[in-house]
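Visitor: Before we start, here is the structure in question, set down as structure tokens.
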Amino acid sequence: MEERPETNRPGESKMKRQSLWKALRIAAAAFFLLGCGAAFAGIGGGIAEMLHVQFGPALMRCLAAFSAGALATALGIAAFTFLFGRFYCAVLCPFGILQDAIGFLSRRKGTAVPNFRRTRYAVAGTAFGMLAFGWTALFLLLDPYSNFGRIAGSFTAGSVIPLIVIVILAVWKKRIYCTAICPVGTLLGLIAKHGVFRLRLTDRCVKCGMCVKVCPEGCIDSHNGTLDNERCIRCMNCVSACRLQAVKFALPERKTPPVDQARRAFLINGGVLVAGVAAGMVLAKTGMGKLAEYAKRFLILPPGAGDAERFAARCTACQLCTANCPAKIIVPAPGGDGPVSLDLSCGACRFDCNRCSQVCPTGAIRPLTLAAKRKTKIAEAKFNPRSCIVFQDGEKCGKCAAACPTGAITLRANGTPRPVNTALCIGCGACQAVCPAPGKAMTVHEIERQIVLNGKGAI
195 MEERPETNRP
205 GESKMKRQSL
215 WKALRIAAAA
225 FFLLGCGAAF
235 AGIGGGIAEM
245 LHVQFGPALM
255 RCLAAFSAGA
265 LATALGIAAF
275 TFLFGRFYCA
285 VLCPFGILQD
295 AIGFLSRRKG
305 TAVPNFRRTR
315 YAVAGTAFGM
325 LAFGWTALFL
335 LLDPYSNFGR
345 IAGSFTAGSV
355 IPLIVIVILA
365 VWKKRIYCTA
375 ICPVGTLLGL
385 IAKHGVFRLR
395 LTDRCVKCGM
405 CVKVCPEGCI
415 DSHNGTLDNE
425 RCIRCMNCVS
435 ACRLQAVKFA
445 LPERKTPPVD
455 QARRAFLING
465 GVLVAGVAAG
475 MVLAKTGMGK
485 LAEYAKRFLI
495 LPPGAGDAER
505 FAARCTACQL
515 CTANCPAKII
525 VPAPGGDGPV
535 SLDLSCGACR
545 FDCNRCSQVC
555 PTGAIRPLTL
565 AAKRKTKIAE
575 AKFNPRSCIV
585 FQDGEKCGKC
595 AAACPTGAIT
605 LRANGTPRPV
615 NTALCIGCGA
625 CQAVCPAPGK
635 AMTVHEIERQ
645 IVLNGKGAI
């Protein structure tokens, strides 16, 4: 008697296909996370530019100055989210992917995540309200991309503290940060809530609860047969876990809640959001005083930063520029939670490099061509003959003049340096770096605002 070949059970091929979607999502997320890690490690050549696809920094870049690329990025992510939901949070957000990795490695099943709707509306409203009026303080603390950058880019209090916090939260309740706090996730959630193709539970659902157990956002209520697309990050865990293929993408059902209930929810949630924006506006106005205090510190800033107040209003301290500076002179603020600056005691800003302006995702460091960067005055060198070994000891030197890339330092016939030509000096620090005098005869000092020499003035 011939044996009949085994045949797949009904639905088995669909199960495999659904598991494949989850596998593809995980592979894409892992690839992106590794790319982000490489970017913040300063390796991989131009891989850092891929971080320009981050939604929060793209919005900030649009606010800093019009950027067609940033606008296209923000609109593209918003449009994709409107069509298919928050895939961005599952595949392109390094901070979210990091939480998934922590949750997976902990092997602990997180408890159900409550719906913190009003909390996240208030937080997002305040953060974006402050951001719109020029103060990034709250957005700096909460932006997922910037937090990932601080964790991956340096080992300071500003990186260790968010790492400890996110490990605790991810082990405790998986992606509770995304549900209750993240302003970017809240904005994308509002878009996804009214999206075209939504995940929903079909009539095949037998209320077994398998989907609920694997959902990191707590957005599924199998008892009532509902799935909250506002909170769903499209991790595809539920689709893969359901053996009955009861979780599917579909057009929204035309079910409308009672008018009074819908109006009440709209007024309350809208009121919380508006109150948050108003609070952000007030805080931003108050916070401008702190920006002025920062400006008075007169730090030397990366070329393209403009002035200290403008830079402080736009830099989220993600430290991508720090990681990608070949001279390693861009340093985090003490504690790692403030705008970066240049430490020219460590070396010089290379004349043939504009890397920081190319990788900055927020527009805090304006993009500069190499030609423009070479003319951008970021500081000013000063000569102190009392420290110069030529003046004091009669030794031959001339290293400062040889190192100056703009010809701002020249030597007299007897080999002594002339005063620095401030019309040519860009403050790169090359003269200070090579000066052999113990007390440094050439020192670089801050200027109030960066200017373009032989150009249009301040930038």
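Each residue of the sequence shown is one higher than the one before, counting from 195 in this note's numbering.
C-beta atoms are modelled at their ideal positions from N, C-alpha and C, and glycine is treated no differently.
1. List the endpoints of the continuous alpha helix (DSSP H) containing residue 573.
2. Take the Cβ of residue 400 as the centre, count every other Cβ of all protein chains shown within 10 Å, and call the residue buried at 16 or more, exposed below.
3. Can you tell me the Cα-Cα spacing of residue 446 and residue 395, whole angstroms?
4. Could you tell me the distance, in whole angstroms, from the CA atom of residue 195 to the CA atom of residue 435?
5. Would the beta-carbon of residue 373 fall within 8 Å of that of residue 310?
6. Report the residue ranges of all alpha helix (DSSP H) runs contained in full by the stretch 488-576; include only those spanning at least 4 residues, in chain order.
7. Where residue 609 and residue 595 are concerned, what is the direct C-alpha to C-alpha distance, given to the nearest angstrom?
8. Measure the C-alpha to C-alpha separation of residue 549 and residue 564 and round it to an integer number of angstroms.
9. Do residue 376 and residue 336 have their beta-carbon atoms positioned less than 8 Å apart in this structure?
10. Quick one: residues in its chain with C-beta nearer than 7 Å to the C-beta of residue 408, no 5 flanking neighbours on either side, listed in chain order?
11. Measuring CA to CA, which of 439, 249, 501, 281 is closest to residue 674?
12. Going by Cα to Cα distance, which pick from 586, 601, 642, 508 is closest to residue 632?
13. Can you tell me whether residue 398 is buried or exposed, with buried defined as 16 or more other CB within 10 angstroms of its CB?
14. Taking just the CA atoms, how far does residue 601 sit from residue 621?
15. Which value, in whole angstroms, describes the spacing of the CA atoms of residue 344 and residue 588?
16. Just to confirm, are residue 307 and residue 370 a CB contact at a threshold of 8 Å?
17. Less than 7 Å between C-beta atoms, sequence neighbours within five positions excluded: which residues of the same chain meet that for residue 423?
18. Would you kindly work out how many angstroms separate the C-alpha atoms of residue 332 and residue 499, rounded to a whole number?
19. Give me the residue from 503, 573, 327, 613 with the minimum Cα distance to residue 580.
20. Would residue 539 be called buried (16 or more neighbouring beta carbons within 10 Å of its own) or exposed?
21. Entirely within the stretch 222-249 and at least 3 residues each: give me those beta strand (DSSP E) ranges in chain order.
22. The beta strand (DSSP E) spanning residue 603 covers which residue range?
23. Around the C-beta of residue 204, are 16 or more other C-beta atoms found within 10 angstroms, so that it is buried, or is it exposed?
24. Which residues in the same chain as residue 570 place their Cβ atom closer than 8 Å to its Cβ, once the five residues preceding and following it in sequence are excluded?
25. Pull up the distance between the alpha-carbon of residue 626 and that of residue 296, whole angstroms please.
Guide: In short:
1. Where residue 573 is concerned, there is no enclosing alpha helix (DSSP H), although the beta strand (DSSP E) it sits in stretches over 570-577.
2. exposed
3. 11 Å
4. Since pLDDT at residue 195 reaches only 44, below the 50 mark, its modelled position is unreliable, and the value read off the structure follows with that caveat. About 39 Å.
5. yes
6. 502-508, 514-518, 549-553, 564-567
7. 10 Å
8. 9 Å
9. yes
10. 431, 432, 435
11. It is not possible to answer for residue 674, since the shown part of the chain is limited to 195 through 653.
12. 586
13. exposed
14. 12 Å
15. 48 Å
16. yes
17. 279, 386, 387, 389, 392, 393
18. 21 Å
19. 613
20. exposed
21. none
22. From DSSP, residue 603 is part of no beta strand (DSSP E); its letter is neither H nor E.
23. Residue placement at residue 204 is poorly supported in this model, since its pLDDT is 49, which falls under 50; the coordinates still yield a value, given next. Result: exposed.
24. 497, 498, 562, 620, 644, 645, 646, 647, 653
25. 45 Å
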